[in-house]
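Written below as structure tokens is the structure these notes are about.
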Amino acid sequence: MARSLAIPALLAATLLAGSLLGGAARADDGCGAPMTDWQPRAAVADMAASRGWQVRRIRVDDGCYQILGQDAAGRSIEVTLDPATLAVIEIELDDDDGDDGDGGGHGEGDQPAGTKPPGGAPRPGGGKTPD
């Protein structure tokens, strides 16, 4: 009798935990700073210029600033920034074939010029060159 109640209870607990974790993951998508705290677009352009980036477009996506342009080496980049602090959240290198040739890794050679962390700090998500 107790065993017949344990299975549905375990299933219900598993489903509840999964739905709560799924909601937490969705809450982390995008940036959450209120617009009253955002830096102006001119500050975004100044930050990009200080890193040697050429800005083609500044847009807002999921509550974050995105810079579309080129890094100091002339490679196409898409940079996601926190709109309040202008901290770099993500940098994507874009190329013609959509394959940066690293087999899906994020080797140090893929780091856009002007984007290396200060003091040789590791990049978010690793930074080891694949063999």
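So for the sequence shown, our numbering puts the first residue at -13; every next one is plus one.
Using N, Cα and C, we set each Cβ at its ideal position, and we do this for glycine too.
Quantities reported herein were computed from a predicted structural model and do not represent experimental measurements.
#1: Secondary structure at R45, three-state DSSP: helix, strand or coil?
#2: Looking only at its own chain, which residues have a Cβ that is under 6 angstroms from the Cβ of V30, when we skip the five neighbours before and after it?
#3: Identify whether T22 lies in helix, strand or coil by the three-state DSSP scheme.
#4: Does P69 pass the burial test, meaning 16 or more other C-beta atoms within 10 Å, or should it be called exposed?
#5: Please name the residue, chosen from D32, I77, P20 and W24, that lies closest to S62 on a Cα-to-Cα basis.
#6: Are the beta-carbon atoms belonging to L67 and A73 less than 8 angstroms from one another?
#7: With 16 other CB atoms within 10 Å as the buried threshold, where does D47 fall?
#8: For the alpha helix (DSSP H) that D32 lies in, which residues bound it at each end?
On the basis of the coordinates in this document:
#1: Sequence index remark: in the sequence shown, residue 45 carries index 59 (1-based). Looking at R45 - three-state DSSP - the assignment turns out to be strand.
#2: Mapped onto the sequence shown, residue 30 falls at position 44. Around V30: I44 and Y51.
#3: Along the sequence shown, read from residue 1 onward, the residue named residue 22 stands at position 36. In the structure shown, T22 sits in a helix (DSSP, three-state: H, G or I).
#4: The residue you call residue 69 lines up with position 83 of the sequence shown. Per the 10 Å Cβ criterion, buried.
#5: Here residue 62 corresponds to residue number 76 of the sequence shown, with the count starting at 1. Ranking the options by Cα distance to S62, first place goes to I77.
#6: Counting from one through the sequence shown, the residue named residue 67 turns up at place 81. Counting from one through the sequence shown, the residue named residue 73 turns up at place 87. Yes; because the gap between Cβ atoms is below 8 angstroms, this pair is in contact.
#7: Taking the sequence shown and counting its residues from 1, one reaches residue 47 at position 61. Looking at its Cβ environment, which holds fewer than 16 other Cβ atoms inside 10 Å, D47 is exposed.
#8: In the sequence shown, counting from the first residue as 1, residue 32 sits at position 46. Looking at the DSSP string, the run of the alpha helix (DSSP H) that includes D32 is R27 to S36.
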